[in-house]
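Worksheet: one structure, shown below.
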Amino acid sequence: MLDLLIKGGTVVDGTGAPARVADVGVRHGRIVSLGPTGESARRTIDADGLVVAPGFVDLHTHYDAQLLWDNTASPSPLHGVTTVFGGNCGFALAPAGPEHADYLARLMARVEGIPLAALEAGVPWDWTTFAGYADKVEGGGLSVNAGFLAGHSSIRRIVMGEDAVEREASDAEIDAMASVLRAALAAGAMGFSSSQAPTHNDGDGRPVPSRHASKAELVRLASVLRDFPGTQLELIVAGCLGAFSPDEVELMTDLSLAAQRPLNWNILTVNPGDPEAHLRQLDASTKAAERGARVVALTLPQGTGVRLNFLSGFVLDGLPGWRETMHLPPADRMRALADPGVRARLLAGATSPEAGVLRGVTNWPDMLFVETFAPETRAFEGRVIGDVAREQGKEPFDALLDIVVTDDLRTAISPQRREEPRS
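Pasting the structure below:
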């Protein structure tokens, strides 16, 4: 007798084979039949009109903290995800000790939008090693499979302390980081992650620890993975947001070669405004393969959007000359944003060549007011900033900041999504 029979569903098995309607029989937790069966079952599910597929593996999540108070990894299982990977972008809760809790909590709150109060209340910080953290997570009785990468910023912090955000590491410090990484991998870490992205700043507004690493440090740490089959590298660089530079392609390739492991980056998107952009990014994989390396892009099955506000300051504080203003207390920030001199300085930084790929999210006239909050700004919700500015006889950046200040910084803005022309 089967334990479970799933009848009449459209089976998509993940092999690339065409979808087909079939019954799926399960016994002792394993699929034992696919197609008609004469066996009865203790439980039968009518899947007519539904898709039956293997559980999805989400390689890029930040469930590191949430799994300590929510063992379901909600809402991922509702979308068919049964395996999640945390510790991405170099941000992890282990290995670390309680003395690093405040710094890492504020870093995670800043870069991943996890409420600081939740981190403070839900994370016990009673481990010092990766093994201790893994035991704590597993002890909660997970409803999903979970694996974690060892995060570069966390490793750098516990080896270098405050100096992790001040300078490059010495040879002795790199050796110490390699030892910490080796211990984490031996305890079950699934690989190593790092970030060189300009949008990744810590809770104090400074570049996260991994952004201070030399190439020699990155290569040395990647080489540790050679001794651990089945592991992987994950790297975020500025080019992930638009176009890779030759140096970034070389870095990804060198790290994969040093580790003898695949390296993945996040996130490949298709831009109707630049239909060739994703092909140029995918060329990094081709160039890496020519040297015997493997560089893999992660993507999403649907379009993505960017939502910014001046309260969190995320992404915006990565613009040249913006960090000081965006990390003022909210009341002081509002006063600064109302100052014409500050506005001129911020606008110059946002449009400067030094802004690099971030200039793509600061095309103020074409951006949308996604959400507004004050009674006097409600009418602007869903409208284009440039249109509002013309009606008011203002420059777009001034019109935006007037509304932002009126909304107590909560105004949400987003680049417009441009639909691909239809033939």
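So the sequence shown is numbered by my numbering: it starts at 1 and just counts up by one.
Where a beta carbon is used, it is the ideal one built from N, C-alpha and C, also for glycine.
Note that the structure is predicted; figures quoted are calculated from it, not measured.
Secondary structure in the segment 63 to 145: the alpha helix (DSSP H) runs of 4 residues or longer, each lying completely within the stretch, are 101 to 112, 116 to 122, 130 to 138 in chain order. Where residue 235 is concerned, there is no enclosing alpha helix (DSSP H), although the beta strand (DSSP E) around it starts and stops at 232 to 236.
For residue 298, DSSP records a beta bridge to 266. Between the alpha carbons of residue 74 and residue 91 lies a distance of about 20 Å. Leaving aside the five residues that flank residue 3 on each side, the residues in its chain whose CB is nearer than 6 Å to its CB run, in chain order, 26, 27, 42.
Inter-segment contact for the segment 173 to 182 and the segment 135 to 146 is absent: fewer than three beta-carbon pairs are separated by less than 8 Å. Burial state of residue 177 is buried, judged by a 10 Å Cβ sphere holding 16 or more other Cβ atoms. In this structure, the straight-line span from the alpha carbon of residue 161 to that of residue 120 is close to 20 Å. Taking residue 270 as the centre and dropping the five residues before and after it, the same chain places the C-beta of 278 closer than 6 Å to its C-beta, in chain order.
Put simply, the backbone Cα of residue 22 is about 42 Å away from that of residue 114. Your pair residue 154 and residue 96 checks out as a contact, with CB atoms roughly 5 Å apart and the cut at 8 Å. Uninterrupted alpha helix (DSSP H) stretches at least 4 residues long and entirely within the segment 266 to 346 occur at 277 to 290, 323 to 326, 330 to 337, given in chain order.
Nearest to residue 83 by alpha-carbon distance, out of 101, 63, 373, is 63.
Between residue 196 and residue 158 a beta carbon distance of about 20 Å is seen, past the 8 Å cut, so the two are scored as non-contacting. Per DSSP, residue 371 is one residue of the beta strand (DSSP E) stretching across 367 to 371. Residue burial annotation: residue 151 is buried, with at least 16 other C-beta atoms found within 10 angstroms of its C-beta.
Here the alpha carbons of residue 293 and residue 375 stand approximately 56 Å from one another. Counted as a single uninterrupted DSSP element, the alpha helix (DSSP H) harbouring residue 246 occupies residues 246 to 259. Residue 283 holds the alpha-carbon nearest to the alpha-carbon of residue 248 among 260, 283, 273.
In the structure shown, the three-state DSSP call for residue 175 is helix. One Cα belongs to residue 131, the other to residue 230, and the distance between them is close to 18 Å. As a beta-bridge residue in DSSP terms, residue 11 pairs with 20, 52. Using a Cβ-Cβ distance cut-off of 8 Å, the segment 306 to 318 and the segment 409 to 416 are in contact, since at least three pairs of beta carbons, one from each stretch, lie closer than that value. Per the Cβ contact rule, the segment 213 to 221 is in contact with the segment 168 to 177 (3 or more Cβ pairs under 8 Å).
With at least 16 other beta carbons inside 10 angstroms of its own, residue 66 counts as buried. Excluding the 5 residues flanking it on each side, residue 343 has same chain C-beta neighbours closer than 8 Å at 337, 397, 398, 401, in chain order. The bridge partners DSSP lists for residue 41 are 2. If you compare the alpha carbons of 351, 126, 78 with that of residue 99, the shortest gap goes to 126.
Annotation for residue 156: the continuous alpha helix (DSSP H) segment containing it runs 152 to 160. Collapsing the DSSP output to three states places residue 208 in coil. If you check the CB distance, residue 234 and residue 300 do not come in under 9 Å.
Pairing residue 288 with residue 252 gives a Cβ-Cβ distance under 9 Å. DSSP, reduced to helix, strand and coil, places residue 184 within a helical segment of the structure shown. Residue 348 has its alpha-carbon roughly 11 Å from the corresponding atom of residue 341.
Rounded to the nearest whole angstrom, the C-alpha separation of residue 29 and residue 94 is 32 Å.
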